[in-house]
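Residue numbers (the working numbering), protein chains in the order written: chain A, 21 to 104; chain B, 36 to 284; chain C, 138 to 631; chain D, 671 to 800; chain E, 4 to 508. Ideal Cβ positions, reconstructed from N, Cα and C, are used throughout, including at glycine. These figures come from a predicted structure and were not determined experimentally. Below is one structure, written out as structure tokens; comments come after it.
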Amino acid sequence: MGTALNLVFIALLVATALLAVFARDLLAAVIIFSVYSLIMALMWQRLQAPDLALTEAAVGAGVTTVLFVVTIFKTRRREEEEKE
Amino acid sequence: MKNLLALLFIIALAALLLYVAANMPPMGDPDNPTATHVIPRYLEGAEKETHTENVITGIILNYRGYDTMGEVTVIFSALAAVLAVLGRERRGRIHAYVDRSTVPSSVIVRTMVRFLVPLIVLFSVYTILHGEISPGGGFQGGAIIGGSMIVFTTIFGLYESSRRIPQKVRFPLEGSAVVTFFLVGVLGMVGGGNFLTYAWPRVAAGLQPALVTWLTVLVEIGIGLGGAMVLTSILFCMIREEEEIAVVA
Amino acid sequence: MGAYRHFPILMITVPLVCAVLLPFLGYLRERWVPRAALVPLSVSTLLGLLLVGKIPAQGYLSYHLGGWEPPFGIEIRVDYIGLFLLLVVCGISLLAMVFSPRYIGKEVSGGRLTAYYVLFLLMSGAMLGFVATGDVFNLFVFMEILALTSYALVAITGNRNAVRAAFKYLLMGAPSSIMVLLAIGLLYSATGSLNMADLSARIAESGYTEVLVVSFILFVIGFGVKAALFPLHMWLPDAHSIAPSPISAMLSGLLVEVSAFALLRLTFSVFTAGNDAIIGGTSEAVSVFAAAAVLYGGIMAIMQKDLKVMIAYSTISHIGYIFLGITSFTKEGLAGAMYHMLDHGLAKACLFLCAGCIIYVKGYRRIEDLKGAWRQMPWTCFAFSVAAISVIGIPPTAGFISKFYLIYGNFTAERWPYALVLLVGAILAAVYCLRVIYYMFFQPDKRGAWEEGGGDAPASMLAPVCLLAAGTLFFGVFSGLIIDSLLKAAAFLL
Amino acid sequence: MRLLHNYHYAAAMLLFCIGLYTVIARRNIIKKLIGLNIMETSVFFFYISLGYLDGGIAPIRTGGADPARMVNPIPQALILTGIVVAVSVTALALSLVILLYRQYGTLDVDRLYRDEDGGTHGGPSGEDAP
Amino acid sequence: MPDKSAFSVIPLVAVLLPWFSLVVITASPKKARGLRLWLCALGALATFGVVLSLLPGILDGNTYTIKLASVVEGLEMRLTVDTLGYYFSLILAFLWLLATVYSISYIDHKENRFFVFMALCESFLIGCAFSANMFTYFIFYELMTFGSYPLIIHEETAMARRAGYKYLVYAISAGTVLFFAIVAHYFWGDGQLGFGSYGVLSLEFAGRAALMTVFFTYLAGFGVKAAIMPLHGWVPDAHPAAPSPASALLSGVILKAGAFGIIRVCFNVFGVELMRDLKVHVVMAVLACITIVVASVFALTQDNLKRRLAYSSIGQVSYIILGLSMLSHDGALGGVMHLTHHALMKGCLFLCAGVILVKTGKKNISDMKGIGYKLPITMICFSVCALAMMGTPPSVGFITKWLLGSGSLEAGLPVYVIVLLVSALLNAAYFLPIIYTAFFRWEGDEAEEGEEHHRPKLAFGKEADHEMVVPIVILAALVVIVGIWVTVPGFPYSFVSKVVGIIFP
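Given below as structure tokens:
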């Protein structure tokens, strides 16, 4: 049971990471990244690291994401088009 | 072409790293080098030696306190760096786009936030002070305070929130973590031990447990306050409007 | 054990704490900040000087933080080589700090002045901690302080090129830090320890050779970026040339070397030099890259038109020297590499500060503009020449001694091609350095840009420059004071 | 097969590579920074997996928990530091991005570094002609 | 090293004394040109005096030594005055004194720079002469290289710059090669760089290939300064470009610093036995012979006087190499003595060329018709030296040629005699036309045959300043005197015979 759940988590991690990387909307990418951080925090809780789960939820999913969002508001939301 | 090269490099690196993963000690095995070498003493002795039930807190603040001193210096450096790049806001004149948001937040949200933020801060205080017993500790608590400030700022605007934690409050507290660590360290030296020794050899053995506990709490508070203020300052610095920032084009 | 056992930790923490306290002073009296910032560095230098003679060439001073014995707590371990580098760091930081006020006052806008000094002190303290630590994770922590402060200091002018260069530096530096972190994790997984001395014992009996090999490779890549080893050097020319000159001096004279020193420390104290199964192949590759760096840096430096970019490329070349010395795995090569760290630190700092003087007085950056500079700035030009001669490796400067030992070390290891590369590097250095000296002293000033008696740089800038130049001469003539002990210490490391 | 047993490690390495690929190959600098964070998190994940013990419990001795069953606390302690470092670097990087965007009006590295050769010589004191 | 070795500060004083000029020039007022420069000359005189004060002790077989700094065991900066080094320093200080006096009236612009670097160069060269080991020698040698650069480009014409650039390129490449040689020497010499009376290297420590590498890198490194043929490229450019006193010193002393290095390598590093064993002397001999002949042929084709003299120098310095390569008593004696002999002759010749340049502005030989009547003393001295160069007795040139010839017979290789004869012929072929042009041709002499009354009158007493004429006369006189009273103590023979006597008993 445990292994299966772990595998599901890992699959989610990889999927969110890839989505965050390839999303064209930067804001979406950042939000997906915060989801990734949350899943990571859950994963760590499963690995018996409650301190870190707490920290990651607060810092990784919280502060980091907000910093990204602030930056995106101050710059631009979409990736620039490929131009040759 | 460049992307292809990068991809090839990454694939090679992935192969290498997976090869390592396949050759590493099996995960979770109690006979691993990691599980047999330094650990037993920490797990057995932490409670007696550092007077913290949470072994991680014991390691962070006591066994490897020097690392944590480095850590708080890192976050202070980050603040100094951000301020050096963006410049600190002038006192009392601080605005951000959230203040002029075209979508006014509803009364329900405002009330909820007004109600929630004190609770979050309370929780963070608990996290800070209770760090040696339960999960959590100084930095986590500080980060939670920072989170609460984020919530407050997004709803009420930067002007409001910077009135709640004005610069003259943040300014002296930003370095508190490093200073606390340094003071505790020097006290350890004065107390006859080494830098960052909590159980001073010059103090009677009976007093040492209380001393260690109080010093630990002191450091926790220092880290919590420092972390919270630094995160808040960084956030304010990044979020505020930029008319103040010198643009050298 | 007297009170001096506390000195290393105080050397490290005093600048850090003073950096934290400096904003208060900046709040009260901003004018005092530059002078106040000198105090902690002077204290560190003094403490370091007091330690001289206390540490034997073949021993070390071990300081257990928190009183926990090494595998459990963090250890500060200062051996002879470490103390040597600590003193180099202290001295050069102090001189760069003395140089700063006038120069920075001109380039950095008002609000950031305090931030500059805070970051500068943090950087110096972190370098000291980085050199002295005996714990691999602690190494990482100090590396991050160093990295953060150096990114910010490169960008401190707020100039668009500066920000861009800093970001480029960050884009290469941050992943490299993570690689180091991963390498530490792999090392830990195979041994279960983080203390360097303990690690070297545990590595000897560890069965996980593959893990250790990859860990070493990642260390080399990670620190290779920080030290600008040849294929990973792309950030250096921009960052070092665009940063304010005292910062260029710090980055080029110290930061790069300190990173190379970390790799040296890991190679010899952790992975133990004789361990061919783990480090053999990688160190061969590093030799090849280092040789390429010597040639590439030299050739690129010859092609540059901008003085500071030229000096930056010269740094790439000289990092190659240091790595060629380290990878010779002989005591002579190692002592040469250490001595080269001293010499290169002094000489490069001096060159960048001289460039700073020229920029301060005239605003010139191109080498062509230096024609006849001698008339107006005799002291600067003279100091520049002495340092440049040391970079080439002409006696009686310190560069000659270090180069001698580097080549001799490669001889002893029977690595003829590398010895030859070192010689060719010296010729390349001669070409790019002598060109500048030639322009300064012997070319007529056709544009009339330099006026006789027009005033050299102010004394607070000239003093550090001249001291550094005198240092290269002093350590060239009286090298016997140090190199003997360095040889012994190197033999001890092997 | 050890790799299947160590699938946590493998996953961490995979995420590391995804992050590094993003840093190297993506042109948008925000994406690069997201990649950087993915790299960092993956290494933290690796560390925590390193400390895991089969059937372990969190290393908190409240209520007389058995020390022999606790997971390894050292990686967790280290990673706490690591997280702080990561957020610091991210904050600095993002403030640089804000400044860069204001000065160049782009988030695309190719455009950012396009006029590099001309740019290098400008330097802090601007034009060097007297 | 001989037994009687005493600590003495005099070597250090001799090295540091030239810096006196530096102090004088920076300290004295800008207007008092004469005072400043004469004080510089006084500095050179004092240096010569200090060097001279060691003469009795050296003739007794003493050595004087002082340690300056030490890097590690076997790698130290030490000054030791032994007979060979003293021999070099004596001629060096003497020639320098004359050239400094000469310069006072010759140099007309930027004299501060010129005198300062003259003095620095002298300091470094004395350091070379007094070096106790290769390490010290190399340090002073390199310093001297850079100290002499401003002398070469002193005129700051385009030609001078080009010559200076060429000089630097050659010198730096040579320095690098030499650096390699020193490291290799240190490596295969078992960590010793000192000089021994019979050589210090031996086949015990290293293989033949290794030792040959060391030898040839040394030869190539010093060969650039000593202008051995494929490496001579900078010489013909540098000499005409430099001011005449600087050319005199370049040719008389700085080229000799390279030759002196080779002498040190042959006598004190490798030793005669080892050289014979390795057969490296054959290569030296072949190179020297080629240089002697080819340089003389080149000299024939030059019209610029100083350029011709420069090629002549290239050939003459190789006499020293040739003498060494004979590995015989007389050959070595002749070679090493030629160091001084050539310095006297060529120094005088270049100083004469300087007078011609200053007084008439003529550089090319074809323009010098009748110049002997305008500048009789100068041209008489010139002729004396030129005749000495050809080997006419009684002169130092004859002594050299005689000894070299005797040495080649001693070594059983009469082919060298042929080379020497060819060289003497070629010398005659390029020097006699100068004398002929100066004294037997005059303006308008080709218009009508036999119109001797048009010949100009000898104009004694209206020549250049005394500062310029006196050194020339002294040198020319010495060329003859040393060639007659060979064995006077203090003249070359008294030193060289001692050195060579030890090596070839």
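Closer than 8 Å to chain C by CB, residue i
{"i": "Gln-746 of chain D", "result": "no"}
{"i": "Arg-205 of chain B", "result": "no"}
{"i": "Leu-836 of chain D", "result": "There is no way to answer for residue 836 of chain D, as the model of chain D reaches only from 671 to 800."}
{"i": "Val-16 of chain E", "result": "no"}
Neighbourhood of residue i by C-beta, 6 Å cutoff - its chain only, sequence neighbours within 5 removed
{"i": "Phe-494 of chain E", "result": "Val-485"}
{"i": "Phe-279 of chain C", "result": "Ala-263, Gly-266, Phe-267"}
{"i": "Leu-401 of chain C", "result": "Ile-463"}
{"i": "Phe-133 of chain E", "result": "Pro-14, Leu-82, Val-84, Gly-88"}
{"i": "Lys-282 of chain E", "result": "none"}
Closer than 8 Å to chain D by CB, residue i
{"i": "Asp-66 of chain B", "result": "no"}
{"i": "Asn-38 of chain B", "result": "yes"}
{"i": "Met-62 of chain B", "result": "yes"}
Residues of its chain near residue i, where Cβ-Cβ distance is below 7 Å and the 5 sequence neighbours each way are ignored
{"i": "Trp-22 of chain E", "result": "Ala-122, Ser-126"}
{"i": "Ile-438 of chain E", "result": "Ser-386, Ala-389"}
{"i": "Pro-239 of chain E", "result": "Arg-310, Ala-313, Tyr-314"}
{"i": "Phe-460 of chain C", "result": "Leu-366, Ala-397, Val-423, Ala-427"}
{"i": "Thr-86 of chain E", "result": "Ile-61, Phe-498, Lys-501, Val-502"}
{"i": "Ile-529 of chain C", "result": "Gly-536, Ala-563, Ala-566, Ala-567, Cys-570"}
{"i": "Ser-196 of chain B", "result": "Met-184, Phe-187, Thr-188"}
{"i": "Val-238 of chain B", "result": "Gly-226, Leu-246"}
{"i": "Arg-279 of chain E", "result": "Leu-330"}
Any non-hydrogen atom of the ligand NAD within 7 Å of residue i CB
{"i": "Ile-192 of chain C", "result": "Here there are no bound small molecules, and the ligand NAD is not part of this structure."}
Short CB-CB distance (under 8 Å) between residue i and chain A
{"i": "Pro-170 of chain B", "result": "yes"}
{"i": "Asp-778 of chain D", "result": "yes"}
{"i": "Glu-279 of chain B", "result": "Its pLDDT being 44, under 50, Glu-279 of chain B is placed unreliably by the model, and nothing is read from it."}
{"i": "Ala-178 of chain B", "result": "yes"}
8 Å CB neighbourhood of residue i in its chain, flanking five on each side removed
{"i": "Val-26 of chain E", "result": "none"}
{"i": "Tyr-197 of chain C", "result": "Arg-214, Val-215, Asp-216, Tyr-217, Gly-219"}
{"i": "Ser-795 of chain D", "result": "Note that Ser-795 of chain D scores 35 on pLDDT, short of 50, meaning its location in the model is unreliable; the coordinates nonetheless yield the value given after this. So no residue of the chain qualifies."}
Beta bridge counterpart(s) of residue i as assigned by DSSP
{"i": "His-201 of chain C", "result": "C:Glu-212"}
{"i": "Arg-509 of chain E", "result": "Limits of chain E in this structure are 4 at one end and 508 at the other, which puts residue 509 of chain E out of reach."}
{"i": "Val-75 of chain E", "result": "E:Leu-78"}
{"i": "Thr-270 of chain C", "result": "C:Ile-213"}
Beta carbon proximity, residue i to chain B, threshold 8 Å
{"i": "Leu-723 of chain D", "result": "yes"}
{"i": "Asp-45 of chain A", "result": "no"}
{"i": "Leu-38 of chain A", "result": "no"}
Runs of alpha helix (DSSP H) lying entirely within the region 503-558 of chain C, each at least 4 residues, in chain order: 515-529, 535-549
Interface positions of the region 201-213 of chain E facing chain G (Cβ-Cβ less than 9 Å), listed along the chain: In summary, chain G is missing from the structure at hand, where the protein chains are A, B, C, D and E.
Cβ contact check for the region 78-95 of chain E and the region 341-350 of chain E: 3 or more pairs under 8 Å: yes
Cβ pair count under 8 Å reaching 3, the region 536-556 of chain C against the region 458-470 of chain C: yes
Inter-stretch contact (C-beta, 8 Å, three-pair minimum) for the region 218-234 of chain C and the region 575-592 of chain C: no
Whole runs of the beta strand (DSSP E) within the region 282-312 of chain E, excluding any shorter than 3 residues: none
Length-filtered (4 minimum) alpha helix (DSSP H) runs lying within the region 443-486 of chain C: 444-463
Contact the region 328-343 of chain E vs the region 251-266 of chain E: 3+ CB pairs below 8 Å: yes
Touching by the beta-carbon criterion (3+ pairs, under 8 Å), the region 244-252 of chain C and the region 66-82 of chain B: no
Any 3 or more C-beta pairs closer than 8 Å across the region 356-364 of chain C and the region 86-104 of chain B: no
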